[in-house]
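Here the structure comes first, spelled out in structure tokens, and everything after it is commentary.
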Amino acid sequence: MRARSTLLASGLLLGLSACVLPPPAARCEVVVNTAEATQTHLMTPDSREYSLLADEVVTTVERMFAAMREHDVPTLEALVADGAVIVRVGRGEAGEVRHQVVPREAFIAGTAGDGPVIDERFTAPPKVRIDGPMATLWGEYDVRVDGEFRHCGVDAVQLARLEGRWRVTALTYTEHRSGCPGQPDPAPQPAAPAAAPGT
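Read left to right, the sequence shown gives residues -25 to -1, 1 to 174 (mature numbering (1 follows the signal peptide of the UniProt record, and there is no 0)).
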């Protein structure tokens, strides 16, 4: 966990262009539940207001990535809400699913100091859902540490609009070291030598 706590803690690009629909020009894919679109708290997907809010969501997460990369503790404190948690979901050596939780304070504290440069970026336009003051971002990412590729995965980020701005309330992510776009799979590790008879 130290890798991403360093990846998360030591190290979600400031992108200011609008999320214009429809793709492929879009910076993100906006998704909305239109079943009850007449309700005032839901907006139609082609709403300019909705598109701008979705862009704000993406920008917030990318600013978090940049703050991680630059060890910018004050910016992380501003972007990550009190009580937020970072959750890694993965598999153990036996293939069992495991999860590990990092509280906000530990995540932010891990970015302080002169640690490695953790460069996390989206590898495809993330998907955004919004309902009033709540938003969810789902995005594929990869991570490089001091310029060396480490892993890829998916970030699922929850945000709330607090005091007029989006803040991250939770981030759950996966890690993959093979099958990453544009990256060769790691070489298989050699098997341990068999013990000599009688030892």
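Every residue gets a Cβ at the ideal spot worked out from N, C-alpha and C, and that includes glycine.
Using the beta-carbon count (16 or more within 10 Å), is residue i buried or exposed?
{"i": "H74", "result": "exposed"}
{"i": "V76", "result": "exposed"}
{"i": "L27", "result": "exposed"}
Go ahead and pull the three-state DSSP assignment for residue i.
{"i": "P78", "result": "strand"}
{"i": "V92", "result": "coil"}
{"i": "A84", "result": "helix"}
{"i": "E67", "result": "Here residue 67 is Gly; the residue named in the question, Glu, does not match the sequence. Coil, per DSSP."}
{"i": "A59", "result": "strand"}
Candidates the options: which alpha carbon is nearest residue i's?
{"i": "D94", "options": "H126, D106, V72", "result": "H126"}
{"i": "L63", "options": "L134, T147, D57, P156", "result": "Per the sequence shown, residue 63 should be read as Arg rather than Leu. Looking at the Cα atoms, T147 is the closest of the given residues."}
{"i": "R151", "options": "A131, Y116, L51", "result": "Note that residue 151 is His in the sequence shown, not Arg. Among A131, Y116, L51, the Cα nearest to that of H151 belongs to Y116."}
{"i": "R136", "options": "A56, G65, E80", "result": "A56"}
Terminal residues of the continuous alpha helix (DSSP H) containing residue i?
{"i": "A41", "result": "23 to 44"}
{"i": "E123", "result": "Here E123 belongs to no alpha helix (DSSP H); instead the beta strand (DSSP E) covers 123 to 137."}
{"i": "A53", "result": "48 to 54"}
Give the range of the beta strand (DSSP E) segment to which residue i is assigned.
{"i": "A145", "result": "140 to 149"}
{"i": "T111", "result": "109 to 120"}
{"i": "residue 210", "result": "Lying outside -25 to 174, the shown extent of the chain, residue 210 is not represented and no answer is given."}
{"i": "D160", "result": "From DSSP, D160 is part of no beta strand (DSSP E); its letter is neither H nor E."}
(request) Evaluate the contact criterion for the segment 107 to 114 versus the segment 83 to 91: three or more CB pairs, one atom per stretch, below 8 angstroms. (result) no
(message) Under 8 angstroms: do the segment 23 to 42 and the segment 126 to 142 share three or more Cβ pairs, one atom per stretch?
(response) yes
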